[in-house]
Structures are given as C-alpha cells and as structure tokens.
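Let me begin by presenting the structure, written as structure tokens, before commenting on it.
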Amino acid sequence: MFILFWPLAACGGAGGPMDAARLSDFETLVQYAAALDVTPAAQLPDSGAVAYGGAVVLNLPTGGAHLAHIADLAVTVNFGPADTPMTGTLDNFQAVDGSSLGGVLTISGGAFDPGADPGTAYQFTALLSGNLSDAGNTYVIDGDIAGDFRGRNGDAILGVVYGDITGPAGVDIFDGAFAATALP
C-alpha cells in the first residue's frame, strides 16, 4: 500500500511560517514509522487498548487555496471485540502560512483487517468528522483515516487521511498523511 509523504517544501519548510520544530518532529516520526515493517497479524494484541500519539498533515482547501495544515493526533485502538475499535482526535491545526484553525476532528468507528496484504489494503480504517473554523468561516469535514500497524508489536501507526470538506466555497476534497507511536 502506498503512503503519502509530505516534503518539507510543500509544508513551508524549515524557517517558513509553520512551526519548523513541529514539522521536523512530524517528518522524523514519518521516517521512523516508515522504516518499520508492517506488523504481522499474529503479533498484534487480541485484547486491550493501545494509545498512540503523533501528528497529521492535511492538505485542506481553506480560504480558496489548498494549504498544508499540521495537527496533533491522539488515537486509541481497542483490540478484540469492541463496538468502537478506534477513537481519537485531531486538534491544534496550523497552516503553512502561519494561520490556525479552531475546532477538533473526531476519529470513530472503524474496522480491522490485521492480515491485509500491505501491497493492496490497509490494516485499519476509521471515520473522521467534525468542524474546523477560521475568521468566521466553518469547514465541515467528512473523511476517512486508513493505515497500518508498524513494528514488532504495533509500535507505531502510519497511513493516509482523505475525504470531503464543505465550506463557504462549496464541497471540495482533501488528503493527508499521519504517523504516531504507541504511548507508554
């Protein structure tokens, strides 16, 4: 399965208006997770919950232009039988031009396919929804998050985000990438 990577230049680069340290941390996290093999299904837990923390970069069409926005990612994966396999949030959005978006996006629901062939499918998917706002404009997000567990025991997660965004200019699409590591 392909992973969408964001070059620093597309996100404002080091020294641009976006927080360079935050962007550097994201790039390091993506490189770390991408260097790990996809976790085999037999090495994933069959019960309990694992919390992951990381970041996401979304290419959001706000203000008429598609701008890269970095945000904090917190997600809990509930292994074993659960009505809601994944829950989480994306918040603290900052764009490449230094502007920010208010609001929180929620990760919910989801489905697991731990034995998925990494060349053709992801090991998990979940829904992404919520509202973001700036300068009196509201953007309604309706999307999906999909990815793989990485490392010997699901030490990290890595994947893509995509969907629809509805705002003052109508409906458009967005995409992005995320990476996170298991929290102690």
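In the numbering used here, the protein residues as written are 12 to 195. Even glycine gets a Cβ: it sits at the ideal position worked out from N, Cα and C.
Just grab the DSSP bridge partners of residue i for me.
i	result
Val88	Val61, Met97
Gln105	Ile81, Ser111
Gly121	Gly121 pairs with nothing; no bridge assigned.
Pro72	His77
Gly126	Its beta-bridge partners do not exist; DSSP assigns none.
So residue i is in the alpha helix (DSSP H); what residue range does that whole segment cover?
i	result
Ala32	31-46
Going by the beta-carbon positions, is the gap between residue i and residue j smaller than 9 angstroms?
i	j	result
Ile152	Gly141	yes
Ala93	Ala190	no
Asp166	Thr192	yes
Gln105	Arg163	no
Ile118	Leu139	yes
Asp159	Thr50	yes
Met59	Phe90	In the sequence as displayed, the identity of residue 59 is Gly instead of Met. Yes, the Cβ-Cβ distance between Gly59 and Phe90 is below 9 angstroms.
Tyr63	Ala46	no
Gly187	Val88	no
Would you say the beta carbon of residue i is closer than 8 angstroms to some non-hydrogen atom of the ligand GTP?
i	result
Leu69	Judged by which ligands are present, the structure shown has none, so any question about the ligand GTP falls away.
As an exercise, report each continuous beta strand (DSSP E) stretch of at least 3 residues that is fully enclosed by the region 131-185, in chain order.
Secondary structure within the region 131-185: the beta strand (DSSP E) runs of 3 or more consecutive residues, fully enclosed, are 135-145, 148-161, 167-178 (chain order).
Determine, using beta-carbon pairs with one atom in the region 38-51 and one in the region 74-84, whether at least three such pairs fall under 8 angstroms.
No contact exists between the region 38-51 and the region 74-84.
Is the region 123-130 touching the region 98-115 in the sense that three or more CB pairs, one from each, lie closer than 8 angstroms?
With a cut-off of 8 angstroms, the region 123-130 and the region 98-115 do not count as touching, because too few Cβ pairs lie within range.
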